[in-house]
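Contents: one structure, followed by commentary.
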Amino acid sequence: MMHFLLLFSRQGKLRLQKWFLPLPERERKKIVKDMTTMVLARKPRTCNFLHWKDLKIVYKRYASLYFCCALENQDNELLALEILHRYVELLDKYFGNVCELDIIFNFEKAYFILDELLMGGEIQETSKLSIVKSIEASDMLQETMEEYISKPAF
Amino acid sequence: MTPSVRLQEMIRVIRSARTQGEERGIIQRECADIRSQFRQGDNGERSHSLAKLLYVHMLGYPAHFGQMECVRLIASPRYSEKRIGYLGAMMLLDEKQDASLLITNSIKNDLSHSSQYVQSLALCTLACMGSAEMCRDLAPEIERLLRASHSYIKKKATLCAVHIIRKVPELAELFTPSARTLLSEKNHGVLHGAVVLITELCERNPDTLVQFRKVIQAVPELVQIMKGLVTSSYSPEHNVAGISDPFLQVRILRLLRILGHNNDTASDAMNDLLAQVATNTDSSKTAGSAVLYETVLTIMDINSESGLRVLAVNILGRFLLNNDRNIRYISMTSLQKIVQTDHNAVQRHRGTIVDCLKDQDTSVKRRALELSLALVSAVNIRSMMKELLIFLSVCPPELRSQTASGIFNAAERYSPSKRWHIDTILHVLTTAGGDVRDETVPNLIQLITTASELHCYTVHKLYRALIKDIAQQSLVQVACWCIGEYGDLLLKGECEEIEPVQVTEDDILDALETVLQSHMSSPATRGFALTATMKLSTRITDNVDRIRSIVSIYGSCIDLELQQRAVEYNALFKKYDHMRYRSAVLERMPVMDKNSPGHTNGDTSGEIKEPDTSKPKPVEAGLLSEPASQVCDLLDLLGGTDTPLQPSPAPTSTPTTTSSADLLNLLGGLEITPGEKFIPTVSVYEKNGLSLKIQCDKQTETEVTVTLIASNSTQNDITNFTLQAAVPKSVQLQMKAPSGNVIPAHGLGQVTQTVLLNNPNKASLPCFRFVQLSFLLN
Chain G
1 MMHFLLLFSR QGKLRLQKWF LPLPERERKK IVKDMTTMVL ARKPRTCNFL
51 HWKDLKIVYK RYASLYFCCA LENQDNELLA LEILHRYVEL LDKYFGNVCE
101 LDIIFNFEKA YFILDELLMG GEIQETSKLS IVKSIEASDM LQETMEEYIS
151 KPAF
Chain Z
1 MTPSVRLQEM IRVIRSARTQ GEERGIIQRE CADIRSQFRQ GDNGERSHSL
51 AKLLYVHMLG YPAHFGQMEC VRLIASPRYS EKRIGYLGAM MLLDEKQDAS
101 LLITNSIKND LSHSSQYVQS LALCTLACMG SAEMCRDLAP EIERLLRASH
151 SYIKKKATLC AVHIIRKVPE LAELFTPSAR TLLSEKNHGV LHGAVVLITE
201 LCERNPDTLV QFRKVIQAVP ELVQIMKGLV TSSYSPEHNV AGISDPFLQV
251 RILRLLRILG HNNDTASDAM NDLLAQVATN TDSSKTAGSA VLYETVLTIM
301 DINSESGLRV LAVNILGRFL LNNDRNIRYI SMTSLQKIVQ TDHNAVQRHR
351 GTIVDCLKDQ DTSVKRRALE LSLALVSAVN IRSMMKELLI FLSVCPPELR
401 SQTASGIFNA AERYSPSKRW HIDTILHVLT TAGGDVRDET VPNLIQLITT
451 ASELHCYTVH KLYRALIKDI AQQSLVQVAC WCIGEYGDLL LKGECEEIEP
501 VQVTEDDILD ALETVLQSHM SSPATRGFAL TATMKLSTRI TDNVDRIRSI
551 VSIYGSCIDL ELQQRAVEYN ALFKKYDHMR YRSAVLERMP VMDKNSPGHT
601 NGDTSGEIKE PDTSKPKPVE AGLLSEPASQ VCDLLDLLGG TDTPLQPSPA
651 PTSTPTTTSS ADLLNLLGGL EITPGEKFIP TVSVYEKNGL SLKIQCDKQT
701 ETEVTVTLIA SNSTQNDITN FTLQAAVPKS VQLQMKAPSG NVIPAHGLGQ
751 VTQTVLLNNP NKASLPCFRF VQLSFLLN
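Here the protein sequences line up with chains G and Z, keeping their order.
Take 1 as the starting number for the first sequence in full-length UniProt numbering and just add one per residue.
Take 1 as the starting number for the second sequence in full-length UniProt numbering and just add one per residue.
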């Protein structure tokens, strides 16, 4: 099971954090700091796996964003790389040529997409098409409600 | 997509802040605004405010005042408000907050909502932050959703069930019946969830595992599904780089691993499938490699046939040659896991592994180092050591001490000759003397004393190293000690194995004085140098006065240890200057015995003969006559007879004492208190000139390391000597490579083999070892 998923920029600014374990706020902040330091210190052509405490850290850099997740011992690291890639593909499909700014200004949508891909630290849907359809349907539901109330969502 | 104007505006403003202080100011204003919005009650603006608050929270500012707002928004009938409310709950509330309990009722209601998207929000939130109480409350609802609904909800309910089981393991039985029916689903999302659920159930409860294996016959069903995935035609929906649904494939392989572990029938049922997947999966992209990797892990963990295992190791070998660094790293991690059990198979790839020592990436280097050290054996010690020493000189600093200690261990176990051993240690000390452990110095000194024929060679080499560089403290300490002990040999000048160089007494004393006076020398090093100088007073003839003056100077040294030594040495010169006292005190040291301190047990031999009451099997020893190969079965290593099972008589002062005593029962019920170091050597077999001893090296609460030593006092060499051992099920056995398989005659040499016994359950078992020796005599 994945313990957490973080997205942060090259300057170490957090863009998204998803925690699949209950941890106190202070602990979370510390982990984020540790992860950013560790991952940003890695040289360009090194492998994408690290060891931290008793977890395996898998990270991948996409343009200016680092996607970083923590796995347990029995989890498959290569598959985690595929999961991260799947998430990026979904973001790309949704936003159309996604860039960091899209995720900054529409962070809540990035979360909604993530919640369709992962749940409880595990993958919930393996079909990209299916996820894209569900997101579109939920957005549609939101918009019809808005039209009904005739007020923008946020 | 509706633009979230006010949220985005706020984000823009915050980002345009030029200093941290400015940003804080903006945030404070916004938070005040948000708080007043929350107080105003329902006006359609609440979701904006919460969204803004969540952004502020992500920047690291406190946002706890939004928790109640999340609760309110979740209860709202509007989908947009629910959506943001649930997101807020997942970000701001966790099970430690009291407010989290308040949403339990809303979740319950939403789980039966007419819209599946609302249901999905509730399920997602429960799976993310549901506490144990919430899970207990809502488990029946989830179970109902598992059975009744549409696949969109079913897959989410399955993962929610996984979360519930993790939080409240007792509820596992509630989900077991549904789990089995879910396996026949066609939808990949649901199927994946089902496999995860079954994995979780089986991992938590061994009875459920047996149930899934035997009663539900999960293995054939999973094999069927896998076959379908592997052989299916291209399906655009699930295809990733030519592999059909790698996520599902990997999960199924993992479940098969659990079901097949330690079970022959299950393992047999999946052999064909694993072979098929291993040969047919295209590993040019990460997805394929991920599936292959999981396949290899599964093959190695179940009772697979040897052909399959060889296939798996070959796949790992292929991975080692892959251009992708990730795959090289993965393969080395896997090889590390199997290097003990499939040693020979991994040895075939030794060359590639050693090449990986030269990789740029530190993680890869680290793995290659661990693996290389595990692969060192008597056969390849020379070439491996060459590579390791090269690595030591160029390796990154964080790996140096691990390399150095690894080299020392390997050298100690497999060194072909004493001289080679000493050379290796000297090489390490010159290259990385600062990173070695403290025991290295006494260990090296002890080694040097035992190699009496090499004293001349050693002292010459050390002297030369000393005059080149006095910065490496361990090297300097050993060098000083040697010069002090064997200074006379140094002065003689000739030595067969090294080019002769004339060394005068002044040269030696100069060198020692440099060490004494240098600010690079630590106090311990100075102590060594001073003692060495003193010892030379009985070994050299001309410059005794110079020594006297050096020693007396240090009589007033600030360092207390040095001062004491100098004063005592001075006394040797002055008061007790009869040559016999001084020379008696300073004469050559005897050969030191390794591991001698802390020896507490003396009557091992008496206790071996006691019939050990915990042996359940009768003794049988069948011997064929020489010169055919002899196979002796040894049960009851302590020579007991057929005795009924009785509880172990070991004392029960503390539970840990009992367990460690039981593990070593084969040594005759010796009393062992944890923390006390003692190394008995027990002779367990003596027949026809072949004797086998067991020496306990190290012992903790759950682990014991013993060395088996075989020696031969007959006229002829014993060849093809191999040793196998079996232990009870709860004890894990790990046998390292033996030092060789030829035992020279007349007791001229020995074969040693280190064995690790791991008793993780600390079970007070009667421990018996069944050892099989096979060898050729004559």
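We treat Cβ as the ideally placed atom computed from N, Cα and C, and that holds for glycine.
How about residue i and residue j: do their beta carbons lie closer than 8 Å?
i               : j               : result
I422 of chain Z : L392 of chain Z : no
K108 of chain Z : E143 of chain Z : no
M193 of chain Z : Q11 of chain G  : First, the residue type needs correcting, since residue 193 of chain Z is Gly and not Met in the sequence shown. Contact: no.
T707 of chain Z : Q695 of chain Z : yes
C69 of chain G  : A80 of chain G  : yes
I103 of chain G : L7 of chain G   : yes
A532 of chain Z : I467 of chain Z : no
M119 of chain G : A139 of chain Z : no
R367 of chain Z : Y329 of chain Z : yes
I252 of chain Z : M226 of chain Z : yes
V515 of chain Z : S474 of chain Z : no
T126 of chain G : H48 of chain Z  : no
H57 of chain Z  : L87 of chain Z  : no
K60 of chain G  : L84 of chain G  : yes
R325 of chain Z : V291 of chain Z : no
I553 of chain Z : L536 of chain Z : no
When we look at the beta-carbon of residue i and count the other beta-carbons within 10 Å, is it buried (16 or more) or exposed?
i                      : result
H349 of chain Z        : buried
Y234 of chain Z        : exposed
A51 of chain Z         : buried
T19 of chain Z         : exposed
H746 of chain Z        : exposed
T231 of chain Z        : exposed
residue 792 of chain Z : Because chain Z is modelled from 1 through 778, residue 792 of chain Z falls outside the range shown and cannot be assessed.
A432 of chain Z        : buried
M589 of chain Z        : exposed
P177 of chain Z        : exposed
P236 of chain Z        : exposed
V501 of chain Z        : exposed
A650 of chain Z        : Reliability fails at A650 of chain Z, whose pLDDT of 36 lies under 50, so the model's placement of it is uncertain and the value that follows must be treated cautiously. Burial call: buried.
P246 of chain Z        : buried
F721 of chain Z        : buried
W52 of chain G         : exposed
Which residue from the options puts its Cα closest to that of residue i?
i                      : options                        : result
S377 of chain Z        : Z:C495, Z:Q347, Z:L256, Z:V13  : Z:Q347
residue 779 of chain Z : Z:I14, Z:Q37, Z:R18, Z:R39     : Lying before the first or after the last residue shown, residue 779 of chain Z is absent from chain Z, which here runs from 1 to 778.
V755 of chain Z        : Z:V742, Z:A737, Z:P744         : Z:A737
M129 of chain Z        : Z:H150, Z:S114, Z:K156, Z:K167 : Z:K167
V551 of chain Z        : Z:Y569, Z:L560, Z:I540         : Z:Y569
N76 of chain G         : Z:R204, Z:T333, Z:Q360, Z:L93  : Z:T333
Y293 of chain Z        : Z:V210, Z:L320, Z:A63, Z:G406  : Z:L320
R78 of chain Z         : Z:L54, Z:M90, Z:L92, Z:G44     : Z:G44
G351 of chain Z        : Z:G317, Z:R325, Z:A571, Z:T424 : Z:G317
K33 of chain G         : G:K13, G:V88, G:F105           : G:K13
A218 of chain Z        : Z:R204, Z:L183, Z:I103, Z:L197 : Z:L183
D137 of chain Z        : Z:S149, Z:R204, Z:A148, Z:I103 : Z:I103
L357 of chain Z        : Z:R400, Z:V277, Z:T538, Z:K186 : Z:R400
Identify, in the order they occur along the chain, each residue of the same chain with its Cβ nearer than 6 Å to the Cβ of residue i, setting aside the five sequence neighbours on each side.
i               : result
E69 of chain Z  : F38, L50
I258 of chain Z : C202
Can you list, in chain order, the residues of its chain with a C-beta nearer than 8 Å to that of residue i? Leave out the 5 residues immediately preceding and following it.
i               : result
T279 of chain Z : L311
G675 of chain Z : For G675 of chain Z, the predicted model reports a pLDDT of 38, less than 50, meaning its position is unreliable; a value from the coordinates is still stated below. So no residue of the chain qualifies.
E703 of chain Z : L756, L757, N758, N759
A524 of chain Z : Q473, Q477
Which same chain residues end up closer than 7 Å to residue i when comparing Cβ atoms and leaving out the 5 residues on each side of it in sequence?
i               : result
H261 of chain Z : D301, I302
Segments of 3+ residues assigned as beta strand (DSSP E) that fall wholly inside the stretch 694-728 of chain Z: Taken in chain order, the whole beta strand (DSSP E) runs of length 3 or more contained in the stretch 694-728 of chain Z are 703-712, 718-726.
Within the UniProt domain "AP complex mu/sigma subunit" (1-140) of chain G, note down every full alpha helix (DSSP H) run reaching 4 residues or more, in order along the chain. Runs of the alpha helix (DSSP H) spanning 4 or more residues and lying entirely within the UniProt domain "AP complex mu/sigma subunit" (1-140) of chain G occur at 25-40, 77-95, 100-105, 107-117, in chain order.
Alpha helix (DSSP H) runs contained entirely in the stretch 397-472 of chain Z, provided each spans 4 or more residues: Here the runs fully enclosed are 397-414, 418-432, 440-450, 455-468.
Suppose only complete runs of 3+ residues qualify. What are the beta strand (DSSP E) ranges in the stretch 522-550 of chain Z, listed by chain order? Those beta strand (DSSP E) runs which fall completely within the stretch 522-550 of chain Z and span 3+ residues do not exist here.
Runs of alpha helix (DSSP H) lying entirely within the stretch 178-222 of chain Z, each at least 4 residues, in chain order: Restricting attention to alpha helix (DSSP H) runs no shorter than 4 residues, the stretch 178-222 of chain Z encloses them at 188-204, 206-210, ordered along the chain.
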